[in-house]
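*Asks:* Pasting a structure below so you can have a look.
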Amino acid sequence: YGSLSLGLRHIFRAAKGPAVFVSELSIPVPWGEIRDNCGSFNTLIPFLPKECRYVAVDMPGHGLSSHRPPGVFYSFPEYAADVRRVTESLSWTKFSIMGHSMGESQFSALYPDMVDGIVVLDVFGFVPTDPKEIPRIMRQGMDEMLKYEKKAEEEKKRVYTYEKAVERLLAANPTLSERSVQMLLERGLTRVEGGMSLSLLLLSKNIERITLEQSLAMQSMIQAPVLLILVPGSHHVHLDNPEVVAPFICDFLQTKVLSQKDAARLFGLTTLSLEWNSACD
2 YGSLSLGLRH IFRAAKGPAV FVSELSIPVP WGEIRDNCGS FNTLIPFLPK
52 ECRYVAVDMP GHGLSSHRPP GVFYSFPEYA ADVRRVTESL SWTKFSIMGH
102 SMGESQFSAL YPDMVDGIVV LDVFGFVPTD PKEIPRIMRQ GMDEMLKYEK
152 KAEEEKKRVY TYEKAVERLL AANPTLSERS VQMLLERGLT RVEGGMSLSL
202 LLLSKNIERI TLEQSLAMQS MIQAPVLLIL VPGSHHVHLD NPEVVAPFIC
252 DFLQTKVLSQ KDAARLFGLT TLSLEWNSAC D
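Mapping of the sequence shown onto the numbering used here: residues 2 to 282, in sequence order.
Structure (structure tokens):
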């Protein structure tokens, strides 16, 4: 499954930014495919340096990327392996990561030789856990998985109008603007007989936890310069107000990444913490 498909997608224009040419990637994996996404980064990328190539993928279980097989957990090590699958298909040996939500910390620690710059957009990074709490968290995560499996079967039978889907996502994420919701739903909805179907995003506990000592050891492995952006806004500030974060990212890429190499490539990785899958390409 080492090949990938690249096809013409569309040209989109941000509210205040220039038009941007967008192509679509589909990267085969053993259980299906990983697809790229311009939902979360749709409004931000037009403001970023034009000399970079931006590949923004949806992790498995998000948008049009294939869900993992039924019963398989979604955890950080697996997501890091997914990033490696993507970069291998793209034949990238050196790149920068722009991470949102679950972000890029673990991959950057495991493959420090491949990452030359890290942009952090509201990520929680490593989450150290008291060793005594790990068994309880593992049990809770397993119980939540069983509940999710039942709920997912019920959700497959539900049909929504587009307006109802927008209403539901707005209710679950009140900080999102309606415009942002519409961008996210472009790939979070599947057309079925009678209307639209929503694909649930698993929000159970990550059962693979590490201690503080392990967390510090992982952090120490990261070698690339890191940009941590702290601005007023919601979890999706880069989507709702890209002009707020774009200047910081541009300066970082120009001074810390582009100045260090001739050909620049930026790998945009997004994982959306929503009630269900919501992303577009």
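A virtual CB, placed ideally from N, CA and C, is assigned to each residue, including glycine.
If you're wondering where the values come from, they're calculated on a predicted model, not measured in any experiment.
Once you ignore the five residues that flank Leu229 on each side, which residues in its own chain have a CB closer than 7 Å to its CB?
*Replies:* Cβ neighbours of Leu229 beyond the five flanking positions: Val121.
*Asks:* Who are the near neighbours of Val87 in its chain, counting only those whose CB is closer than 8 Å to its CB and skipping five residues on each side?
*Replies:* So the list reads Ile28, Ile35, Val56, Val58 and Phe268, once near-sequence residues are dropped.
*Asks:* Please determine if the segment 246-262 and the segment 221-228 are in contact, where contact requires at least 3 C-beta pairs separated by less than 8 Å.
*Replies:* Flag = yes, the segment 246-262 and the segment 221-228 touch.
*Asks:* Could you tell me whether the Cβ atoms of Met184 and Tyr161 are closer together than 9 Å?
*Replies:* Result no, Cβ atoms of Met184 and Tyr161 do not sit closer than 9 Å.
*Asks:* Tell me whether Gly234 counts as near the ligand NAP, meaning its Cβ is closer than 8 Å to at least one heavy atom of that ligand.
*Replies:* With respect to the ligand NAP, the structure shown offers nothing to examine, as it has no ligands at all.
*Asks:* Taking the beta strand (DSSP E) that Arg36 belongs to, which residues open and close that run?
*Replies:* From DSSP, the beta strand (DSSP E) with Arg36 extends over Gly33 to Arg36.
*Asks:* With a CB to CB cut of under 6 Å and the five nearest residues on each side skipped, what residues in its chain are close to Leu65?
*Replies:* So the qualifying residues of the chain are Arg36 and Arg188.
*Asks:* Alpha carbon to alpha carbon, what distance is there between His101 and Ala15?
*Replies:* A caution first: Ala15 carries a pLDDT of 46, below 50, which makes its placement in the model unreliable, though a value can still be read off. Their Cα atoms are separated by approximately 19 Å.
*Asks:* To the nearest angstrom, how far is the alpha carbon of Val116 from that of Ser109?
*Replies:* About 6 Å.
*Asks:* Quick one: give me the first and last residue of the beta strand (DSSP E) that Arg192 is part of.
*Replies:* First-last of the beta strand (DSSP E) with Arg192: Leu190 to Val193.
*Asks:* On the criterion of 16 or more Cβ atoms from any shown chain inside 10 Å, does Ala172 qualify as buried, or is it exposed?
*Replies:* Looking at its Cβ environment, which holds fewer than 16 other Cβ atoms inside 10 Å, Ala172 is exposed.
*Asks:* Using DSSP with H/G/I as helix, E/B as strand and the rest coil, what is Ala218?
*Replies:* Helix.
*Asks:* Taking only three categories from DSSP, how would you classify Val58?
*Replies:* Three-state DSSP puts Val58 in a strand.
*Asks:* Which same chain residues end up closer than 8 Å to Gln261 when comparing Cβ atoms and leaving out the 5 residues on each side of it in sequence?
*Replies:* For Gln261, where only same-chain residues beyond five positions count, the Cβ hits under 8 Å are Asp117.
*Asks:* Consult DSSP for Pro129 and reduce its assignment to one of helix, strand or coil.
*Replies:* Looking at Pro129 - three-state DSSP - the assignment turns out to be strand.
*Asks:* Helix, strand or coil for Val160, going by three-state DSSP, please let me know.
*Replies:* Looking at Val160 - three-state DSSP - the assignment turns out to be coil, as it is neither helix nor strand.
*Asks:* Mark Pro243 as exposed unless 16 or more other C-beta atoms lie within 10 angstroms of its C-beta, in which case mark it buried.
*Replies:* So Pro243 ends up on the buried side.
*Asks:* I need the boundaries of the beta strand (DSSP E) containing Ile223, first residue and last residue.
*Replies:* Element bounds for Ile223: n/a, residue is neither H nor E.
*Asks:* Just to confirm the assignment, what range does the beta strand (DSSP E) spanning Val120 have?
*Replies:* Val120 -> beta strand (DSSP E) spans Val116 to Leu122.
*Asks:* Excluding sequence positions up to five away, which residues of its chain have a Cβ less than 7 Å from the Cβ of Ile138?
*Replies:* If we look at Ile138 and ignore the five residues flanking it on each side, its Cβ neighbours are Thr130, Lys206, Ile208 and Arg210.
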